[in-house]
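All residue numbers for the sequence shown refer to our numbering, where the first residue is 1 and numbers rise by one.
Ideal Cβ positions, reconstructed from N, Cα and C, are used throughout, including at glycine.
In this text the structure is predicted, and so the values were computed from the model without any measurement.
Step one of this worksheet: look at the structure below.
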Amino acid sequence: MPEHPAVPEQPDADDWLRSALRVQLEARGASFYRDLLAAAGRAAVAGKRRVPSERQLLDALWDLVWAGQVTNDTFAPLRALRWPRTKRQSGPRPRFGSASRMGPPEGAGRWSLVSEAVGTAVALAGSREPSDTERRHALATRLLERYGVVTRDGVAGEAIAGGFSQVYPVLRELEEHGRVRRGYFVEGLGGAQFALPGAVDRLRAERGDAGGERHDAATLVLAAADPANPYGTVLSWPRHGDDDRRALARAAGAYVVLHDGEPVLYLERGGRSLQALPQAASPAALDASLRALAAAVADGRLAAIQVERVNGTPVAESRLTEALTAAGFRQGYRGWALRAARA
Numbered sequence: 001m002p003e004h005p006a007v008p009e010q011p012d013a014d015d016w017l018r019s020a021l022r023v024q025l026e027a028r029g030a031s032f033y034r035d036l037l038a039a040a041g042r043a044a045v046a047g048k049r050r051v052p053s054e055r056q057l058l059d060a061l062w063d064l065v066w067a068g069q070v071t072n073d074t075f076a077p078l079r080a081l082r083w084p085r086t087k088r089q090s091g092p093r094p095r096f097g098s099a100s101r102m103g104p105p106e107g108a109g110r111w112s113l114v115s116e117a118v119g120t121a122v123a124l125a126g127s128r129e130p131s132d133t134e135r136r137h138a139l140a141t142r143l144l145e146r147y148g149v150v151t152r153d154g155v156a157g158e159a160i161a162g163g164f165s166q167v168y169p170v171l172r173e174l175e176e177h178g179r180v181r182r183g184y185f186v187e188g189l190g191g192a193q194f195a196l197p198g199a200v201d202r203l204r205a206e207r208g209d210a211g212g213e214r215h216d217a218a219t220l221v222l223a224a225a226d227p228a229n230p231y232g233t234v235l236s237w238p239r240h241g242d243d244d245r246r247a248l249a250r251a252a253g254a255y256v257v258l259h260d261g262e263p264v265l266y267l268e269r270g271g272r273s274l275q276a277l278p279q280a281a282s283p284a285a286l287d288a289s290l291r292a293l294a295a296a297v298a299d300g301r302l303a304a305i306q307v308e309r310v311n312g313t314p315v316a317e318s319r320l321t322e323a324l325t326a327a328g329f330r331q332g333y334r335g336w337a338l339r340a341a342r343a
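Encoded structure:
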C-alpha cells in the first residue's frame, strides 16, 4: 500500500482550510467538490486570507480523508489519484472558480464527515437487535446519500420490501426536522421527492437559462447497475419507437454511456452487443460516446471489447462502422475490436 500523509500534529498554514471544509460538511452535509471550493473561497475572504488553489483544496480534503475524518460516496476519486502522491507544489494559483464545471477527478462524488456516514451503523452495532424504526432510518439515510433526491420510482428500483411506504414516514420526519427538503425538484418524477440540501443546491446551480452560457457536455461510462444511472429505474430507457422492445437491463457487466445526461450507447455484458439509442443519431454525441468507451478500455476500467452486433444486426451492416473505426476500433474476424495499447 502506498504511504499517505496524515493531518499534521502541529498547526500549519492549511489548518484553517481543513477547518473550513469540516465546518461546511457539518453545516450542509454531503457536499460536492464545487460546494467545497465555494465554501473555501468564502472562508478565505472572511478571514482575509489568500483564496486557496485547487491543489491546496484537494490536498486539504485528502488530508482529512487519510485522517479518517472525511469520506466519499464513490471510489472514483481514489481511483483518480496517481501513486505515489507527489509533494505539494507551489506553482501559480489558478483564479478561484476557474475550474471545470465538475471539478478534477480527485474531487468527484459527494464528500461527507465520517461521523455522519457511520453514525447510524455505530448506533446499530450494539448487542441488541435494531428496532424497525432504526432499520427504516438507516435505509432512508442510505438512499439519500446514494441518490441525493429520493423518489417513489427510485425506491421501487431498489427492490426494497414494502417499497416507498417503508421509508416515507422517516423521510417526512427528516423533513420536519429540517434535515431534508421536500419539493418538486425533478420534472416528471412525481410529487413525493425528498432531497438533501446539498443536492438541491447542486440542481439549482446546474440549471441555467436556455439562452445562457452552455458548458461543454460531459460524457460518462457507467455500469448499467450504478445508482448514478437513473435509466431503467427512475427514468425509462429511450426508445426508437413503440415497436422498439429491446431489453436493456441494469445487469452486472453491462455499461451505459451518457452524453450530456442522455444515454447514447448500451454495451451488453461481454462487450459483444452494442445498442445505439436515439441520441446516437447525433454525430457529436455518438463520437464522444465511442471515444469515452475507448478511453475506458485504454485506462483499464473496461476489458477489451469486441462488438459483433449493433442493435441486433451484424456490425458490418450497421451505420456505425465508420464511427467505430474513428474511435479506435479495428475490424477483426468476428467484429470490431477495441483493446488497450500494449506498453
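Bounding residues of the beta strand (DSSP E) (the contiguous stretch that carries residue i)
| i | result |
| --- | --- |
| V257 | 255 to 259 |
| H170 | For the sequence presented, residue 170 should be read as Val rather than His. Where V170 is concerned, there is no enclosing beta strand (DSSP E), although the alpha helix (DSSP H) it sits in stretches over 168 to 176. |
| L338 | 336 to 338 |
| L220 | 219 to 223 |
For residue i: DSSP bridge partner residues
| i | result |
| --- | --- |
| S112 | T71 |
| A195 | V149, R181 |
| P314 | R309 |
| L235 | Y231 |
| R330 | A337 |
Beta-carbon separation (whole angstroms), residue i vs residue j, contact threshold 8 Å
| i | j | result |
| --- | --- | --- |
| G311 | Q275 | Residue identity check: residue 311 is Asn in the sequence provided, not Gly. The Cβ separation is near 6 Å, so the contact holds. |
| G29 | P77 | Contact flag wrong, Cβ pair sits at about 18 Å. |
| G350 | Q306 | The question about residue 350 has no answer here: the residues shown for the chain are numbered 1 through 343. |
| L113 | A60 | Going by Cβ atoms, the distance from L113 to A60 rounds to 14 Å, so no, they are not a contact pair. |
| D287 | A326 | 7 Å |
| R269 | E308 | With a Cβ gap of about 13 Å, R269 and E308 do not count as contacting. |
| V167 | R136 | 6 Å |
| T219 | A140 | No, T219 and A140 are not in contact; Cβ-Cβ is about 32 Å, not under 8 Å. |
| L302 | Y255 | 7 Å |
| L248 | L290 | That belief does not hold up - the Cβ atoms of L248 and L290 are roughly 18 Å apart, past 8 Å. |
| R182 | F194 | 5 Å |
| T233 | R250 | 7 Å |
| H259 | A285 | 4 Å |
| V221 | V257 | 5 Å |
| A192 | R152 | 5 Å |
| A304 | V315 | Not quite, the Cβ-Cβ distance comes to about 15 Å (not below 8 Å), so this is no contact. |
| L37 | G103 | 7 Å |
| A294 | L338 | 6 Å |
| L196 | L235 | Their Cβ separation, rounded to whole angstroms, is 20 Å, which puts L196 and L235 out of contact at 8 Å. |
CB contact check: residue i to chain B, cutoff 7 Å
| i | result |
| --- | --- |
| R152 | Annotation note: the requested chain B is absent from the structure, which comprises a single protein chain. |
Residue span of the alpha helix (DSSP H) that contains residue i, given as start and end
| i | result |
| --- | --- |
| P77 | 76 to 80 |
inquiry  = Threshold first: 3 residues or longer. Then list the beta strand (DSSP E) segments lying entirely within the stretch 259 to 292, N to C.
reply    = With a minimum length of 3 residues, the continuous beta strand (DSSP E) runs that stay inside the stretch 259 to 292 are 262 to 267, 273 to 276.
task = Quick one: which unbroken alpha helix (DSSP H) runs of 4-plus residues sit fully inside the stretch 27 to 54? Chain order, please.
result = DSSP runs (the alpha helix (DSSP H)) wholly in the stretch 27 to 54: 33 to 46.
ask   = Contact between the stretch 17 to 26 and the stretch 37 to 44: three or more CB pairs below 8 Å?
value = Enough Cβ pairs lie closer than 8 Å, so yes.
ask   = Using 8 Å as the threshold, is the stretch 173 to 182 in touch with the stretch 216 to 233, meaning 3 or more CB pairs across them?
value = Cβ pair count under 8 Å is below three, so no.
query = Are at least three pairs of beta-carbons, each pair with one atom in the stretch 187 to 200 and one in the stretch 247 to 264, less than 8 Å apart?
reply = No: the two stretches stay apart, fewer than three of their Cβ pairs being nearer than 8 Å.
inquiry  = Does the stretch 195 to 206 come into contact with the stretch 137 to 148, if we say contact requires no fewer than three beta-carbon pairs (one atom in each stretch) closer than 8 Å?
reply    = Counting Cβ pairs under 8 Å, three or more are found: they touch.
message = Taking 8 Å as the cut-off, does the stretch 128 to 135 touch the stretch 47 to 63 (at least 3 CB pairs, one atom from each stretch)?
response = Contact check between the stretch 47 to 63 and the stretch 128 to 135: fewer than three CB pairs, one atom from each, fall below 8 Å, which does not count as touching.
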